[in-house]
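Asks: If you count by this note's numbering, then the sequence shown holds residues 3 to 366, one letter each, in order. All C-beta atoms, glycine included, are put in the ideal place defined by N, C-alpha and C.
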Amino acid sequence: MKEENVADVHLLSLIQSLEKEIELSQEKTRLILSSLPLALVLVKDGAAIDVVNRVVQEMFGYSRKDLYGKSISLLFPDLDTAAIPASCETMARRANGERFATQVSTVTMTTPDGDRLFIFANDISKRYELEQIKRDFIAMVSHDLRSPLMSISGTLELSRSGKLGELSALGNELMEQAEKSLNRVLDMIAQLIEVEKLEGQNALLDIQVNNLSFTLKEATADVERLAEQKRISIESRFPDSVYAAYDNDKIHRILVNLLANAIKFSPEESVITVEHRADSACHEVVVRDCGRGVPPEERERIFSKYAQVFRSDSRQEGGTGLGLAICKTLVEAHGGAIGVGEGTGGRGSAFWFTLPLRSENQES
């Protein structure tokens, strides 16, 4: 009898200990849920809301009591719980009927009582609003600004051709200056539209095996006139044949941008060198100039959009700062990287980019 009492006491003590552990675990769970910065909805029986955290109440305007046992479609009317992806963007609905954009992630957990679906949601409506503003701005720039500027460009071209009457030497000079300024603005608009399109399309690529040396020669020819104006020579330190898999038009654009940038910031009668290195993982192209160089604290920022707009010398040199942003987008689309360091002997800049080694070098 005494042994049975001892066993009962031991069992009771064990049960009480387990109950305390369960209570502690539940309290920890409540603390985690309440401190979670994301909205969390626990769904059971396929679509019934079981548990929500504080963020859900604040984000949607419902109380826990309002939501308990209700269908998840009350919060996410477009979400199909029968075929819900691990991550997606979907529209949600607040208690007042307002719809807003959310980023949703889900985790399914199997328990003895059945499957439980955890839905984590983040309000991204502000991002959507900003993206819409950006789309509206790009549409305005591409139509409302570019169209009249193109019309002005045509008029200037007619004037310089003499079809609207002969111009004096001063008149021709003024027309030429106006045309250059106008073309600069049109180029800025074109770059603005291009960088937004590239980001929107994730830079669609036409990957083929090409000769990187030949692509460099074509790019050098495109900037030859710019270099001649400052009596700058461009030296290639490439082998005759460097075969790699890439989108020729996109890499050509990158090289033209980097070479034009080097010319812009280099002193007259200087030398720009273009080098190639390769290892088992990638090709590396380096464009070295003798300009002022880029301070270490600026070396990441200059690849962000419009970085040059805020540089003290941007007004003197011209440009929007979109060229390097375009380069970054195109290089990363190839799976490569881009950056800048010091030039030879600590003078100037060394802009570099890499391309993954997708194929073996081939004989020409």
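(1) Contact check, Leu332 vs Phe305 under 8 Å by CB: the rounded distance?
(2) Going by DSSP, what residue range makes up the alpha helix (DSSP H) through Tyr245?
(3) For the alpha helix (DSSP H) that contains Val296, what are its first and last residues?
(4) Applying the 10 Å Cβ sphere with the 16-neighbour rule, what's the burial state of Leu172?
(5) Between the Cα of Tyr248 and those of Phe355, Arg137 and Glu91, spot the shortest distance and give me the residue it belongs to.
(6) Could you check whether Gly71 and Ala49 sit closer than 8 Å to each other, using their CB atoms as the reference points?
(7) Taking the beta carbon of Cys292 as the centre, do at least 16 other beta carbons fall within 10 Å, making it buried, or is it exposed?
(8) Who are Asn259's beta bridge partners in DSSP?
(9) To the nearest angstrom, how far is it from the Cα of Leu42 to the Cα of Pro87?
(10) With DSSP as the reference, label Pro358 as helix, strand or coil.
(11) May I ask you to report which of helix, strand or coil DSSP gives Thr346?
(12) Tell whether a beta-carbon distance below 8 Å holds between Ile256 and Ala264.
(13) What separation, rounded to the nearest whole angstrom, lies between the Cα atoms of Ala262 and Lys252?
(14) Determine, using beta carbons only, whether Ser161 and Met177 come nearer to each other than 8 Å.
(15) Less than 8 Å between the beta carbons of Val54 and Leu76, yes or no?
(16) From the DSSP output, in three-state form, read off Lys72 for me.
Replies: In short:
(1) Not confirmed; about 12 Å, so no contact.
(2) Per DSSP, Tyr245 belongs to no alpha helix (DSSP H); it is in the beta strand (DSSP E), Tyr245 to Tyr248.
(3) Segment: none, Val296 is in no alpha helix (DSSP H) and carries neither H nor E.
(4) The residue in question, Leu172, is exposed, as its Cβ has fewer than 16 Cβ neighbours within 10 Å.
(5) Relative to Tyr248, the option among Phe355, Arg137 and Glu91 whose CA is nearest is Phe355.
(6) In this structure, Gly71 does not lie closer than 8 Å to Ala49 by Cβ.
(7) With 16 or more other Cβ atoms within 10 Å, it is buried.
(8) DSSP links Asn259 through a beta bridge to no other residue.
(9) Taking the Cα positions, Leu42 is about 16 Å away from Pro87.
(10) DSSP places Pro358 in strand when its eight states are reduced to three.
(11) Correct three-state label for Thr346: helix.
(12) Going by C-beta atoms, Ile256 is not nearer than 8 Å to Ala264.
(13) Rounded to the nearest angstrom, the two C-alpha atoms are 15 Å apart.
(14) Contact flag set, yes.
(15) Val54 is not a Cβ neighbour of Leu76, given a cutoff of 8 Å.
(16) Three-state DSSP puts Lys72 in coil, outside helix and strand.
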